[in-house]
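Note sheet for the following structure.
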Amino acid sequence: MKKFYAVVGNPPFQEDSVGDNESYEPPIYNLFLDETYKVGDRVEMVHPARFLFNAGSTPKAWNRKMLSDPHLKVLSYESDSGKVFPSIQLPGGIAVTYRDETKNFGPIGVYTPFAELNSIIGKVTSGVDFKSMSTIAITRTAYRLTDKLHFEHPEVKGMLSAGHAYDVSTNIFERLPQIFLDAEPDDGNDYIRMYGRFGGDRVHKYVRRDYINSVASLDRFKIVYAEADGAAGTLGKPVPARILGTPIIETPGVGTTESFMTVGSFDTNEEANNALKYVKTRFFRTLVGVLKTTQHITPDKFTYAPLQVFTASSDIDWSKSVADIDRQLYRKYGLDDAEIEFIESHVKGMD
């Protein structure tokens, strides 16, 4: 028997920073929620909302547990935490949840604050042939420095942050100018190019192939995104929002630093161009927006965006404009007028 008929509260959100990362404050509100559920049949709490999108630093297993709990529902969601707590800015917003051990509300599953978006997700993901674009998205940390580099250049370890001796970090070009070069040397070694940031600009630098680990898409065509774009916005903030930054195509023999992530591993430039048109559609970016609650882009954000065939055998005519491809996708997934209006009004066009 529970000790309390009902529990209402606002648990502490996070601990003070710990360890070497002074900017990281681990969440603890999840621990408080678990404990209150043990002592009360009915619990209403105000807390960070990122777990609703399976995002943030709460354990993924805990996120999934909460989203699959049939006794839990969301009473209110506010994407701008400052409207609830004026002195606090929390990425992902604030939620008021209610858990009732005696009621079955059905699991939250995929949470969105928009009814039209819930309907779109259902239509897109319910098909037997649904495959997610996340299966071809590659994390920004895929490329790593190799043991061979450290063996031949032992000084490098002292030039990098502690615990990050293998990271191809966002500032790697500045940290290792003797490794990442402006021109390809004529020294008999095989070189690749890395795309990253240097002095505020996006540039390519040459590096020995055996100094970087092999990634499946390295020697193929792929789409490249900035890992973070604060101006892109999220669904509903602003209206309309871009959701994603402007993508580009990179050619075989080019990798990326942690400033960027890649999508796809294509045989031909034509396939890559078709995929580029797809990721520019409002349709695609709306579905990425389901899980994108901050400026950062990770492969899991592509979970609800359906993978397409980008060859000539596709059921989409990729020779058309991005706007026309949007219309083809609306028809393919049977979207109604209200759902189309939601997409067109909430997501900016991209040429």
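Under this note's numbering, the first residue of the sequence shown is numbered 13, with each subsequent residue one higher. The beta-carbon is built from N, C-alpha and C at its ideal position, and this holds for glycine as well. All figures in this text were calculated on a predicted structure; none of them were measured in a lab.
Requested in this report: For R152, write down the residues that DSSP places opposite it in a beta bridge.
Outcome: The sequence position of residue 152 within the sequence shown is 140, counting from 1. Its beta-bridge partners do not exist; DSSP assigns none.
**Report entry** Residues of its chain near F322, where Cβ-Cβ distance is below 6 Å and the 5 sequence neighbours each way are ignored
**Finding:** For the purposes of this step, residue 322 is taken as residue 310 along the sequence shown, with counting starting at 1. Contacts found: E283, N286, A287.
Requested in this report: Could you please give the first and the last residue of the uninterrupted alpha helix (DSSP H) stretch that includes I260?
Outcome: Within the sequence shown, the letter at position 248 stands for residue 260. No alpha helix (DSSP H) contains I260, which is instead part of the beta strand (DSSP E) from 260–262.
Report task. Just the C-alpha distance for P39 and K249, rounded to the nearest angstrom, thanks. Result -> The sequence position of residue 39 within the sequence shown is 27, counting from 1. The sequence position of residue 249 within the sequence shown is 237, counting from 1. When rounded, the distance between both Cα atoms is 24 Å.
Query raised in the report: Ends of the alpha helix (DSSP H) at E351?
Result: Residue numbering aside, residue 351 sits at position 339 when the sequence shown is read from its first letter. Note, E351: alpha helix (DSSP H), 349–358.
Query raised in the report: Where does the unbroken alpha helix (DSSP H) through S131 begin, and where does it stop?
Result: Counting from 1 along the sequence shown, the entry for residue 131 is found at position 119. Unbroken alpha helix (DSSP H) run through S131: 127–137.
Query raised in the report: Among all the DSSP beta bridges, which residues are the ones paired with L84?
Result: One-based indexing of the sequence shown puts residue 84 at position 72. Per DSSP, R111.
Report task. Spell out a yes or no on whether the region 295–311 and the region 166–173 are touching, meaning 3 or more CB-CB pairs, one atom from each, closer than 8 Å. Result -> no
Requested in this report: May I ask you to report which of helix, strand or coil DSSP gives F142?
Outcome: In the sequence shown, the residue the question calls residue 142 occupies position 130. If DSSP states are grouped into helix, strand and coil, F142 belongs with coil.
**Report entry** Check whether Y110 and L64 have beta carbons under 9 Å apart
**Finding:** Looking up residue 110 in the sequence shown gives position 98. Looking up residue 64 in the sequence shown gives position 52. Their beta carbons are not under 9 Å apart, which means Y110 does not touch L64 by this criterion.
Query raised in the report: Helix, strand or coil: which one does DSSP assign to F278?
Result: As a first step, residue 278 must be located in the sequence shown, where it is residue number 266. Three-state result, F278: strand.
Query raised in the report: Residues in its own chain within less than 6 Å of F16 by CB, not counting five upstream and five downstream?
Result: As a working note, residue 16 is residue 4 in the sequence shown. If we look at F16 and ignore the five residues flanking it on each side, its Cβ neighbours are V51, G52.
Query raised in the report: Taking Cβ positions, are T268 and R152 nearer each other than 9 Å?
Result: Position 256 of the sequence shown, counting from 1, holds the residue named residue 268. Position 140 of the sequence shown, counting from 1, holds the residue named residue 152. Cβ atoms of T268 and R152: closer than 9 Å.
Query raised in the report: Which word fits D338, buried or exposed, when buried means at least 16 other C-beta atoms lie within 10 angstroms of its C-beta?
Result: By 1-based counting over the sequence shown, the position of residue 338 is 326. Buried is the call here.
**Report entry** Extent of the continuous alpha helix (DSSP H) run through I204
**Finding:** If you number the sequence shown from 1, residue 204 lands on position 192. Taken as a continuous stretch (DSSP letters only), I204 belongs to no alpha helix (DSSP H), being part of the beta strand (DSSP E) at 203–210.
Requested in this report: Note down, in chain order, each residue of its chain lying with its Cβ closer than 8 Å to the Cβ of Y207, except the 5 sequence neighbours on either side.
Outcome: On the sequence shown, residue 207 is found 195 positions in, with the first residue counted as 1. Result list for Y207: R214, V215, H216, V236, E262, V266, G267, T268, T269, F272, in chain order.
Query raised in the report: For K304, does the count of other Cβ atoms within 10 angstroms reach 16, so buried, or fall short, so exposed?
Result: Position 292 of the sequence shown, counting from 1, holds the residue named residue 304. The residue is buried, with at least 16 neighbouring Cβ atoms inside 10 Å.
Query raised in the report: Got a sec? Which residues, its chain only, sit under 6 Å from I132 by beta carbon, not counting five neighbours each side?
Result: The residue given as residue 132 occupies position 120 in the sequence shown. E351, listed in sequence order.
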